[in-house]
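S.K.:
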Amino acid sequence: MKSRKSVFFAASAVFCGFAFVGLAFGQVAAGPANITLDEAIALAGKNNHSLLALRTTILQNQAQEIQANVRPNPTFFADWEYLPLSSPPGISFLDYLHDSTEGDMGLSYLFERGQKRQHRLEAAQDTTAVTRAQVSDNERTLGFQVAQLFINAQLAESTLDLARQDLKSFQETVAISQRQRDIGAISENDFLQLKIQLVQFQTDVEQAELSKAQALSDLRQQLGYDTVPSEYDVAEELEYRPVALKLDDLQAKALQSRPDLKAAQLGITASNSQYTLAKANGKQDFTLSGNYSHVNSISALSFSFSIPLPVFDRNQGTIAQTRYAIAQAQEQQKATSGQVLTDVRDAYLGVQSNDRVVQIYRSGPLDDAKRSRDISEYAYRRGAIALLDFLNAERNYRATQLAYRQAVAAYATSVEQLRQAVGSRSLP
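For the sequence shown, my numbering begins at 141 and goes up steadily by one.
1. Go to residue 431, then tell me how far its alpha helix (DSSP H) extends in each direction, as first and last residue.
2. What residues in its chain sit with their C-beta under 7 Å from that of residue 529, if we drop five residues either side in the sequence?
3. Taking DSSP as the reference, what is the three-state secondary structure of residue 249?
4. Taking C-alpha atoms, which residue in 454, 396 and 538 lies nearest to residue 420?
5. Is it a yes or a no for the stretch 213-227 touching the stretch 405-421, going by three-plus beta-carbon pairs under 8 Å?
6. Looking at the strands, I want to know which residues DSSP matches up with residue 174.
7. Mind pulling the alpha helix (DSSP H) runs of 4 or more residues that sit fully within the stretch 384-433?
8. How about residue 286 and residue 195: do their beta carbons lie closer than 9 Å?
9. Going by C-alpha distance, which of 491, 532, 547 and 545 is nearest residue 337?
10. Compute the beta-carbon to beta-carbon distance between residue 404 and residue 472, rounded to the nearest angstrom, for a pair I have assumed lies under 8 Å.
11. Since residue 491 and residue 558 are thought to touch, with beta carbons under 8 Å apart, how far apart are those beta carbons, to the nearest angstrom?
12. Using only CA atoms, which one of 303, 298 and 312 lies nearest to residue 342?
13. Classify residue 504 as helix, strand or coil using the three-state DSSP reduction.
14. Identify every run of the alpha helix (DSSP H) within the stretch 213-297, keeping only runs that are complete inside it and at least 4 residues long; order them along the chain.
15. Straight-line CA distance for residue 499 to residue 386?
16. Cβ of residue 369 within 9 Å of Cβ of residue 173?
17. Cα-Cα, which of 425, 242 and 209 is closest to residue 439?
18. So, with DSSP's three-state summary, where would you put residue 310?
19. Which class does residue 439 belong to by DSSP, given the choice of helix, strand or coil?
20. Round the Cβ separation of residue 552 and residue 501 to the nearest angstrom and send it over; I've been treating them as touching at under 8 Å.
21. Given a threshold of 16 other Cβ atoms within 10 Å of its Cβ, counted over all protein chains shown, does residue 168 qualify as buried or as exposed?
22. Count the other CB atoms within 10 Å of the CB of residue 451; is the residue buried (16 or more) or exposed (fewer)?
23. Would you kindly work out how many angstroms separate the C-alpha atoms of residue 418 and residue 429, rounded to a whole number?
24. Would you identify the three-state DSSP class for residue 446, choosing helix, strand or coil?
25. Between which residues of its own chain and residue 202 is the CB-CB distance below 7 Å, once the five residues before and five after are set aside?
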């Protein structure tokens, strides 16, 4: 009984020790996580450090809104003149200060004309709106990048499955051929050529495993390196999913959804705000001040008013510049609108082209390549065809399968590119 308790306490101590070490290094063991494409895009939107850094520009602009809305500070001033360097003769020091010195104290305040503060705030708010749309456009681009890397990981996984299946099948063929060689059914040279060919299948598996690991690593960087565990995987297999689309509907939705077009449209509004602010800044501000003075035992109040005379500087250069900036923003909006329609059309044509390529493989070559490989393998194992014919059939099957998977990945990528061009994950 005592021995069992000792073992129990020893095991508990070891377990606690490992737990403490794990917590100390911040590495709690986590099982493999499988994520979908939508989950990957959502994770990137929340944790991608480049995007998070860019979002701070919105906060910076909002801080500028606060600064744009502040009023000028009042100015306080004071002076005391004719102070003696030594005690004056024949009079007390305090009497001298009261009767023979001058002291002034007052306040002044700059009054802004032309509603400058309101126009500053409006211009800052419009700038924030443009920045917010630009950040949304970066989110759109990031979503496509994540989708592209996700599809690369799916392709790598599909290629790895194909390589493993081919390796297992060929290993069985080599095992059968070894038995055939032992009984004299095939030559030693044919068997050696098969063993040499096996190296290529083993190499394909190694390369496919490396491609998958690199694809998942690249995807992890976009999701936020610490967001997912090191041993994670994509949850969805690479599959052909046809979509029915109409170009006119896609272009119409893109004109409503694309954040870069919205940013260009808001840029016109922001340019108009800058122009209005420039005209307001052309208005001259005036300053009012009030003073209390004590001079030679006499106390007095005085008030003053000052305003610059707009003889030369009326902010005319800045006004002209901002007026031209409006025309520039309008041209940029037209260019962006055309680019949106072009992007959608190009992506739409890409989807159609890649879909036709996939259909070429699905219409017969996939089945033909598999049947040819199976027939050749069956015939070779029974000595009906030469080794070279079997290896050619095996090579053609592998090439066809790999090309089909690449075609499906290209099609899936083109669909994601179309989503990016439209500016929405949901296509009409």
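We treat Cβ as the ideally placed atom computed from N, Cα and C, and that holds for glycine.
M.R.: In short, the structure shows the following:
1. Taken as a continuous stretch (DSSP letters only), residue 431 belongs to no alpha helix (DSSP H), being part of the beta strand (DSSP E) at 426-435.
2. Residues of the same chain with a CB within less than 7 Å of the CB of residue 529, apart from the 5 flanking positions on each side, are 516 in chain order.
3. Three-state result, residue 249: strand.
4. The closest CA to that of residue 420, considering only 454, 396 and 538, is found on 454.
5. At 8 Å Cβ cutoff, the stretches do not touch.
6. Beta-bridge pairing links residue 174 to 373.
7. Along the stretch 384-433, the alpha helix (DSSP H) occurs as fully enclosed runs of 4 or more residues at 387-397 and 399-421, listed in sequence order.
8. No. Outside cutoff.
9. The closest CA to that of residue 337, considering only 491, 532, 547 and 545, is found on 532.
10. Indeed, because the Cβ distance is near 5 Å, the residues count as touching under 8 Å.
11. Yes, residue 491 and residue 558 are in contact; Cβ-Cβ is about 5 Å, under 8 Å.
12. The shortest Cα separation from residue 342 among 303, 298 and 312 belongs to 303.
13. Coil at residue 504, not helix or strand.
14. Note on the stretch 213-297: whole alpha helix (DSSP H) runs with a minimum of 4 residues are 233-240, in chain order.
15. Cα to Cα, residue 499 sits roughly 19 Å from residue 386.
16. In contact: residue 369 and residue 173 (Cβ atoms closer than 9 Å).
17. Ranked by Cα distance from residue 439, the first of 425, 242 and 209 is 242.
18. Correct three-state label for residue 310: helix.
19. Reduced to three states, the DSSP call for residue 439 is strand.
20. Incorrect: roughly 14 Å between the Cβ atoms, too far for contact.
21. The pLDDT assigned to residue 168 is 36, lower than 50, so where the model puts this residue is not dependable, and the model offers no usable value.
22. Taking a 10 Å sphere around the C-beta of residue 451, we find fewer than 16 other C-beta atoms and assign the residue as exposed.
23. If you take the alpha carbons of residue 418 and residue 429, they lie about 27 Å apart.
24. Correct three-state label for residue 446: strand.
25. So the list reads 268, once near-sequence residues are dropped.
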